[in-house]
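Residue numbers for the sequence shown follow this note's numbering, beginning at 688 and rising by one. C-beta: ideal position from N, C-alpha, C; glycine also. None of these values were measured; they are calculated from a predicted model.
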Amino acid sequence: MDTLLAWLFAGGHRKISADRGGETREDLLMNLTPRPNRRRFLSQITAGAGVSTALPARSAKADHHGGGKKLGFALVGLGSLSTNQIAPGLLKTKHCKLAGIVTGTPAKEKVWAEKYGIPESCIYNYENFDSIKDNPDIDVVYVVLPNSMHKEYTIRAAEAGKHVLCEKPMANSAADCEAMIAACQKANRKLAIGYRCQFEPHHVEIMRLAREKSFGDMKIIEAGFGFKIGNPDQWRLKADLAGGGALMDVGIYALQACRYLTGEEPAVISAMEAKTDLEKFNEVDETIVWSMKFPSGVLANCNTTYNFSGVNHCKASCSNGWFGLDPAYGYGGITGKTSKGDLKFESGDQFAGEMDDFAKSINEDKESRVAGEEGLKDLIAIEAIYKSIRTGTPVKLS
Ligand code: NAD
């Protein structure tokens, strides 16, 4: 992974060996290309605020952080994302700080403590995690574990009196999402999902173009995200830990894009799956195409895969033109185009933006734009996609 970071910071484009077996996933997400240092806008288009598709959830009063102090985050699970994106992202935040860690690997404790100055009193393992309730330095627990563990640690964190930021996909089922939302409501704690793209300027801009109908009425969305997954032994290929395959992991970005571009929930979903490597993908999905019809009449055509790269886009075709991103969902290198010209923004750190936004929603006692209800809505659609594949028929959603 050091090699990866060196490559990243050097801005290189050579192939690297990532820790999950191959260059594919990290290469895809790290798709960094040099960006201009200043924001430039299309002459016809001015920047605006993003839109929210989140439903309001019950308010959680920020009882001891009214003054806007930096909130202490504890990361649960110190794998690739925590190590390479979230912890570095925390250093770039204005309203957050890395205050604690939760890990099952003792060797990581010393490394992280030294690197980030974390005192022993803020280092937990999975067994003593619940005693985090007695730690006033930790305000937010950020759950960065395999998908099936999100529910347990979100609920335990809420019961310990902590606000929760949980990685995507929110859980392995809509029912689990509902239980997580209910636990955070009961504890009067805020819950948000790690939908980092919603804090990325190109995505914020296409939300605005959609909302303001800058290119007329939206007609069709095309969106996809996929990559060739490496190591066949990783948890992402185990159904009990991952809950699904490419769709749960990266197809969810294309689904999200369709939902936040339309501002609607799909009314009908139809899906098909192709499985060409039965051994590697015997537990989870490999390649899925799905279509969605939204109540306004917008049609979406989406795809996702774990078996090839080059799928990383979203495009909205409208009555008076089009706009889109390609590549669309990496940590950097997002490129926007429209029928009137290019969209160019400096991307910044999406994780820092996501965490600062959550801190702000806690400090100001406002609902996050990526509250738990957003994760639930994605899981409802994902379950409909899997149901359509199983039954071979379109699924209507109320
Ligand atoms: P990872 O495999 O690199 O790390 C997982 C961590 O969980 C490791 O520290 C591991 O030790 C720990 N763990 C605890 N119990 C485990 C178990 N039973 N099996 C496997 N690992 C266990 O994974 P990651 O890439 O860091 O992903 C973590 C979460 O973050 C996932 O939910 C994933 O979907 C999400 N994620 C989000 C993004 C994003 O851009 N928002 C990117 C990557 C991953």
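For residue i, which residues does DSSP report across the bridge?
| i | result |
| --- | --- |
| Gly932 | Gly932 pairs with nothing; no bridge assigned. |
| Lys795 | In DSSP, Lys795 forms no bridge with anything. |
| Met979 | Ile956, Ala987 |
| Ser1004 | Ile907, Trp1009 |
| His850 | Val827 |
| Ile880 | Cys853 |
| Thr949 | Looking at the DSSP assignment, Thr949 forms no beta bridge with any residue, so it has no partner. |
| Ala761 | Gly787, Val828 |
| Tyr840 | Answer is none; Tyr840 lacks a bridge partner. |
| Leu1030 | Gly1023 |
| Tyr1018 | DSSP lists no partner for Tyr1018. |
| Tyr811 | Val789 |
| Val1057 | DSSP output for Val1057 lists no bridge partner at all. |
| Phe912 | Thr991, Asn999 |
| Thr974 | Ala961, Thr992 |
| Lys1083 | Val955 |
Should residue i be labelled buried (16 or more other beta-carbon atoms within 10 Å of its own) or exposed?
| i | result |
| --- | --- |
| Arg923 | buried |
| Phe914 | buried |
| Asp826 | buried |
| Pro982 | exposed |
| Ser645 | This structure gives no information on residue 645, because the portion of the chain shown stretches from 688 to 1085. |
| Arg883 | buried |
| Arg1077 | exposed |
| Glu1051 | exposed |
| Ser769 | buried |
| Asp964 | exposed |
| Phe995 | exposed |
| Thr1080 | exposed |
| Ala879 | buried |
| Gly791 | exposed |
| Ala744 | Annotation note: pLDDT 30 at Ala744 (below 50); position unreliable, coordinate value reported separately. The residue in question, Ala744, is buried, as its Cβ has 16 or more Cβ neighbours within 10 Å. |
| Asn834 | buried |
| Glu1054 | buried |
| Asn999 | buried |
| Glu1041 | buried |
| Glu973 | buried |
| Gly997 | exposed |
| Ser1048 | buried |
| Asn771 | buried |
| Glu909 | buried |
| Ile805 | buried |
| Ala961 | exposed |
| Ile868 | buried |
| Ala794 | exposed |
| Ala862 | exposed |
Starting from the C-beta of residue i, find all residues in its chain whose C-beta is less than 6 Å away, skip the five residues before and the five after it, and write them out in chain order.
| i | result |
| --- | --- |
| Val1082 | Ile956, Ala1071, Lys1074, Ser1075 |
| Ile810 | Ile788, Glu796 |
| Ala1046 | Leu758, His782, Cys783 |
| Glu1026 | Before going on, a small fix: residue 1026 reads as Ser here, not Glu. Here the set comprises Gly1008, Trp1009. |
| Thr949 | Phe981, Val985 |
| Tyr813 | Gly791 |
| Thr780 | Ala1039, Met1042, Asp1043 |
| Lys873 | none |
| Val1057 | Ala879, Ile880, Tyr882, Gln885 |
| Leu896 | Phe1010 |
| Cys1001 | Ala910, Ala944, Gly1011, Leu1012, Ala1015 |
Within a Cβ cutoff of 7 Å, which residues of the same chain sit near residue i, ignoring the five residues on either side of it in sequence?
| i | result |
| --- | --- |
| Cys864 | Met857, Ala858, Gly1059, Gly1062, Leu1063, Leu1066 |
| Gln1037 | Arg883, Cys884, Phe886, Glu887, Tyr1018 |
| Pro919 | Lys967 |
| Ile1021 | Glu887, His889, Leu1012, Pro1014, Ala1015, Ser1034 |
| Leu832 | Val763, Gly764, Tyr840 |
| Gly881 | Leu852, Cys853, Glu854, Lys855, Glu1041 |
| Tyr803 | Ala774, Leu785 |
| Trp799 | Leu765, Ile788, Ile805 |
| Glu951 | Phe981, Pro982, Ser983 |
Go through its chain and collect everything with a Cβ distance to residue i's Cβ below 8 Å, but skip five positions before and after it.
| i | result |
| --- | --- |
| Lys900 | Cys1005 |
| Val830 | Val763, Gly764, Met836, His837, Tyr840, Thr841, Ala844, Val851, Leu852, Cys853, Glu854 |
| Pro953 | Cys945, Arg946, Met979, Lys980, Phe981, Ala987, Ala1068, Ala1071, Leu1084 |
| His817 | The residue asked about is misnamed: residue 817 is Asp in this sequence, not His. Counting only Cβ-Cβ distances below 8 Å, and skipping sequence neighbours, we find Arg843, Glu846, Ala847. |
| Ala870 | Thr841, Ile842, Ala845, Glu846 |
Residue i and residue j look like a contact to me (Cβ under 8 Å); what is the Cβ gap, rounded to whole Å?
| i | j | result |
| --- | --- | --- |
| Gly848 | Lys877 | The pair is not a contact, with the Cβ atoms about 12 Å apart (cut-off 8 Å). |
| Tyr993 | Ile939 | With 8 Å as the limit, Tyr993 and Ile939 do not qualify as a contact, their Cβ atoms being about 13 Å apart. |
| Ala1003 | Met894 | Wrong, their Cβ atoms sit about 10 Å apart, outside the cutoff. |
| Leu785 | Phe760 | 6 Å |
| Gly911 | Asn990 | 4 Å |
| Val976 | Met959 | 6 Å |
| Ala1039 | Gly776 | 4 Å |
| Asp929 | Asp936 | Here residue 929 turns out to be Ala, not Asp, going by the sequence shown. The Cβ separation is near 7 Å, so the contact holds. |
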